[in-house]
Every structure is written in structure tokens, then in C-alpha cells.
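Remarks on the structure that follows.
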Amino acid sequence: MAESPDSTPELPPAQWLVSCDESGMHGARFYGFGTLWMPWQRRGDFASEIQTLRDAHGCTDELKWNKAGSRQNRDFFEDLIQYFFQRPWLAFHALIVRKDMVDRTMHDGDMDLARRKHFTMLLTTKIRACLAAQRRREHTFRIWVDPIHSRYRKADEAAEKIANNVLKAALGQVRPVDKVITRDSKDTPSIQICDFLLGAVMDAWQQEASSPVKKRLQKTIAHHLGWLDLRADTVPKERKFNVWYFYDQRRGDREPKTRDVRLIYPLPPRRAG
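Using the numbering used here, the first residue of the sequence shown is number 67, and each one after it goes up by one.
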């Protein structure tokens, strides 16, 4: 049967790969979680292009923030930042929590439980926004995580179940999270780059001493956002580089302030759907 002029063509299913990492789990003032997003079908392009970039610079180190202080790899990481911002199909979203703002009574007095809840909250909030933006499209999400800092051995399985339960209750979606899989970051470039971006942001928030090379890389990231530094969060609708600061409104002034992002490489308009 021919399609009527008023009918809306059905959109193909969207599959997403979300690679995750965490920071500040060992007594720091802030802890946080980062997520690197890409279409599932782009993962091969991504791996190939990152390897090409590595080869061009002779870089064999892990692509993580704690490896970024070497002058030897400075130019590589500068190019890596530009690579991220030039690819409209890559996005980074993070959640930052000030540890002394966490109301432990809401988590049975358990910071381990609080952190796992915050990680799941980041995933479910961002996935819910993605589903709401394209309601006529079927979505599935594959989650890759570096081993989660938790005494609970099956923290990844718990996150998967909680995320699906929350999303189903909110949107009626049945298992939009396909799987949450723990992967070794040494073998997973997408988790390494998530670690690099999250580390740059967290280092700025922690206001820890950093090497001159790391300070320069932070300024490069900030420059791509139209900022002078990285110690800020973004508006919730920011798509490319989103920093969400979670705080308790009952506990006093909010810090730092929210900034608008002005990307050097603007994103194309979001597809309707």
C-alpha cells in the first residue's frame, strides 16, 4: 500500500554505545562519573581513527588523564581533544557530586550505595532525555564500564536492572538498556577517552596541583567550549559536553556557577522524531 501524504515515515532503530568511568572515589572532595556517547555503528570508525591518531604521534600509552602530563604526548592529546570536538556523533556527559553534600540518611548511611545510585541516576537521566527527544524511534543502549569502585561484586548488573526499572516506570520502555558490561579500560579506547575528559574536568573542580601540560590541555578543552577554565557546569540541555553538578539545595550556596557552552565546532540541529 502506498504511503499517504500525511503519514510520517518510520525512523530506523537507534543503537547507542555509552562508555563510562568514575573519578574521586578515594577521599577526594568531589567524586564524579563520565559517559562517552556514540552511535553503536560508529564504534569501528572510532577505534580505527583513534589508532590512526596514535600511529601518527607514536603514542603507545593508555589515553587516560593520569598519562596526559608527559610533554612527549602533549601534541597527541591536543589532537585528541580536537578529534572529539570535530566529531558531531561523539558526546561527553558527566555528573559531579560534592561528597560532604551527600545526605547519607537517604542511602542507609552508606556512601558506596550513594555512589552507585548517582552513577545509575546519570545513566537513567541521560537515557530518558534521549528517548524523550525522539519518541517515535526505538532506542537501545549498550553500556561499557570500567570496573565500578564498589564492595558489591555485581555493581554493573545492579546498575542495568535499576536503570531499566526506572526507565520502564517513567516511559513505559521495556529494557532500553541492552546490557551493562564491565570492560578493562586497557583494551577499550572509548573508556580511556572518557577517563581523559572526566579527569580534566575533575582536576579543575578538585583544584588539585597539576602539571603544566595538563593545565594546557584543560585550557584547550575549555577553549573548545568557549570557556576560560573547566570549573563550571552546563545547562541540562547541552548535548556535546554536558557537566551536571548534583547538589542539595538545603545545604547552602551552589558552587560553581552554570555557564553556556559556545562550541568552536557547533553541532548540527537535532533530527526531529
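Here a beta-carbon is modelled for each residue, glycine too, at the ideal position from N, C-alpha and C.
Please work out which residues of its chain come closer than 8 Å, Cβ to Cβ, to ARG305, disregarding the five sequence neighbours upstream and downstream, and give them in chain order. Indexing the sequence shown from 1 puts residue 305 at position 239. Take ARG305, set aside five residues on each side of it, and the residues of its chain with a beta-carbon closer than 8 Å to its own are ALA157, LEU333, ARG336, in chain order.
Would you kindly work out how many angstroms separate the C-alpha atoms of MET104 and GLN152, rounded to a whole number? By one-based count along the sequence shown, residue 104 stands at place 38. By one-based count along the sequence shown, residue 152 stands at place 86. If I take the Cα positions, the gap works out to 13 Å.
Run through DSSP, which three-state label would LEU156 get? Within the sequence shown, residue 156 is the residue found at index 90, counting from 1. Correct three-state label for LEU156: coil.
Per DSSP, what kind of secondary structure is TYR218 in: helix, strand or coil? Taking the first residue of the sequence shown as position 1, residue 218 is located at position 152. Confidence in TYR218 is poor, its pLDDT being 48 and thus under 50, which makes the residue's placement too unreliable to answer from.
Looking only at its own chain, which residues have a Cβ that is under 8 Å from the Cβ of GLY93, when we skip the five neighbours before and after it? Here the question's residue 93 lines up with position 27 in the sequence shown. So no residue of the chain qualifies.
Those residues which DSSP pairs with ASN308 across a bridge: Counting from one through the sequence shown, the residue named residue 308 turns up at place 242. For ASN308, DSSP records a beta bridge to HIS159.
Whether ARG181 touches TYR313 by CB criterion (8 Å): Within the sequence shown, numbered from 1, the residue matching residue 181 stands at position 115. Within the sequence shown, numbered from 1, the residue matching residue 313 stands at position 247. Taking C-beta atoms as the reference points, ARG181 and TYR313 fail to come closer than 8 Å.
Which residue wins for smallest C-alpha separation from LYS227, given the options VAL246, ASP212, VAL211? For the purposes of this step, residue 227 is taken as residue 161 along the sequence shown, with counting starting at 1. Looking at VAL246, ASP212, VAL211, the one whose alpha-carbon comes closest to that of LYS227 is VAL246.
Can you check the region 79-136 for any beta strand (DSSP E) of at least 3 residues that lies completely inside it and give the ranges in chain order? Taken in chain order, the unbroken stretches of beta strand (DSSP E) that lie wholly in the region 79-136 and span 3 residues or more are 80-89, 96-105.
To the nearest angstrom, how far is it from the Cα of LYS17 to the Cα of LYS192? Not covered by the structure: residue 17. The range shown for the chain is 67 to 339.
Please tell me whether, using a cut-off of 7 Å, the distance from the CB of ASP178 to the nearest non-hydrogen atom of the ligand SAH is below it. Among the ligands in the structure shown, none appear at all, so the ligand SAH cannot be discussed.
Nearest to THR118 by alpha carbon, out of THR190, PRO255, ARG95? Within the sequence shown, numbered from 1, the residue matching residue 118 stands at position 52. The candidate whose alpha carbon is nearest that of THR118 is PRO255.
VAL327 (DSSP reduced to helix, strand or coil): Within the sequence shown, numbered from 1, the residue matching residue 327 stands at position 261. Note: VAL327 maps to coil in three-state DSSP.
Host alpha helix (DSSP H) of ASP244 (start-end): Residue mapping note: residue 244 aligns to position 178 of the sequence shown, counting from 1. For ASP244, no alpha helix (DSSP H) segment is defined; the enclosing uninterrupted segment is the beta strand (DSSP E) at 243-248.
Is the CB of ALA270 under 8 Å away from at least one CB in chain C? Reference to chain C is not applicable here, since this structure consists of a single protein chain.
On a CA-only basis, which of LEU329, SER85, PRO79 is nearest LEU197? Give me that one, please. Stepping through the sequence shown from its first residue, residue 197 is reached at position 131. Looking at LEU329, SER85, PRO79, the one whose alpha-carbon comes closest to that of LEU197 is PRO79.
Inter-residue spacing [alpha-carbon to alpha-carbon] between THR286 and LEU294: What you label residue 286 is simply residue 220 of the sequence shown in a count that begins at 1. What you label residue 294 is simply residue 228 of the sequence shown in a count that begins at 1. So the two alpha carbons sit approximately 9 Å from each other.
Beta-carbon within less than 6 Å of GLN204's beta-carbon, same chain only, minus the 5 sequence neighbours each way: which residues are those? By 1-based counting over the sequence shown, the position of residue 204 is 138. The sequence given here places Glu at residue 204; Gln does not occur at that position. Leaving aside the five residues that flank GLU204 on each side, the residues in its chain whose CB is nearer than 6 Å to its CB run, in chain order, PRO79.
Collapsed DSSP secondary structure at THR206 in the structure displayed: Along the sequence shown, read from residue 1 onward, the residue named residue 206 stands at position 140. Looking at THR206 - three-state DSSP - the assignment turns out to be strand.
Give me the Cβ distance between PHE262 and LEU129, rounded to the nearest whole Å; I'm assuming they're in contact under 8 Å. By one-based count along the sequence shown, residue 262 stands at place 196. By one-based count along the sequence shown, residue 129 stands at place 63. With a Cβ gap of about 6 Å, PHE262 and LEU129 count as contacting.
Return the chain-ordered list of same chain residues with a C-beta closer than 8 Å to the C-beta of GLU115, the five sequence neighbours on each side being excluded. Locating residue 115 in the sequence shown gives position 49, where the first residue counts as 1. Sequence-distant Cβ neighbours of GLU115 in its own chain, meaning closer than 8 Å and more than five residues away, are TYR149.
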